[in-house]
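Undergrad:
Numbering (our numbering), first residue to last: 6 to 242.
1. May I ask you to report which of helix, strand or coil DSSP gives residue 213?
2. For residue 189 versus residue 231, is the C-beta distance shorter than 8 Å?
3. Grouping DSSP H, G and I as helix and E and B as strand, with all else coil, what is residue 180?
4. To the nearest angstrom, how far is it from the Cα of residue 226 to the Cα of residue 75?
5. Going residue by residue through the region 107-151, where are the continuous alpha helix (DSSP H) segments of at least 4 residues, counting only ones entirely within it?
6. Exposed or buried, what is residue 112 when buried is set at 16 or more other beta-carbons lying within 10 Å of its beta-carbon?
7. Report yes if the C-beta distance between residue 243 and residue 150 is below 8 Å; otherwise report no.
8. So, are the CB atoms of residue 193 and residue 228 less than 8 Å apart?
9. Report the three-state DSSP secondary structure of residue 220 (helix, strand or coil).
10. At which residues does the alpha helix (DSSP H) containing residue 168 begin and terminate?
11. Checking 8 Å against the spacing of the C-beta atoms, do residue 160 and residue 191 come in under that value?
12. State buried or exposed for residue 176, treating a residue as buried only when at least 16 other CB atoms are found within 10 Å of its CB.
13. Cβ of residue 124 within 8 Å of Cβ of residue 156?
14. Taking Cβ to Cβ, would you say residue 98 is nearer than 8 Å to residue 130?
15. Reducing DSSP to helix, strand and coil, say where residue 89 ends up.
16. Which residue from 139, 206 and 66 puts its Cα closest to that of residue 152?
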């Protein structure tokens, strides 16, 4: 596309140059032509000169307008791409949060009868990755997938359904330390990995330097938030 625009510009300026040269030669050698009088000769020179000026003005104006139109088109295209990217990234984070929340609720409710919903959630997540892939280079996309996979790996290892059935359903306890510790660890890992993903998306959208390592102050505030919500203390692995 760039080569085509360059060729078009060269062609336009080449035609202009040839026209100017031919008309300049005509003006220079017009005295050698057979004309009725000096006044007529001067008039022809003036007409040709004016015509040359008009041709140059029209040609230059056309080139400038064409360049301006292309610039405006590219600017509008970039704005629309950025808005779509921003919308896609926001939707991904929202859907990821909904999926994790729904999985946890189903596990704690022992919802075996509707396990197909877990598969539907996984399919939804895969489609969300497909939307992300449209806007991301390979290295960024792989990082986001890796962090997301770590969240689900930690979720799977907590065995919420088994621990909930054992402590709450079978033993009739009012609370389960295993579930409490699992929720603490899962939520802490969600915060750590989610903030890392958000940093990657921020860098990809706004061009800032990516820093997917959690800020110690943010980590401390996250732990404090979880403790205030009644979840047990357990360090992030």
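Ideal Cβ placement from N, Cα and C applies to all residues, glycine included. For clarity, every value in this text was computed on a predicted model and none was experimentally measured.
TA: In brief:
1. coil
2. yes
3. Coil, per DSSP.
4. 49 Å
5. 121-140
6. buried
7. In the structure displayed, the chain extends from 6 to 242; residue 243 sits before or after that span and is not available.
8. yes
9. coil
10. 165-169
11. One thing to note: residue 160 has its Cβ within 8 Å of the Cβ of residue 191.
12. Taking every protein chain shown into account, the CB of residue 176 has fewer than 16 other CB atoms within 10 angstroms, so this residue is exposed.
13. no
14. no
15. Shown here, residue 89 sits in a helix according to DSSP, grouped into three states.
16. 206
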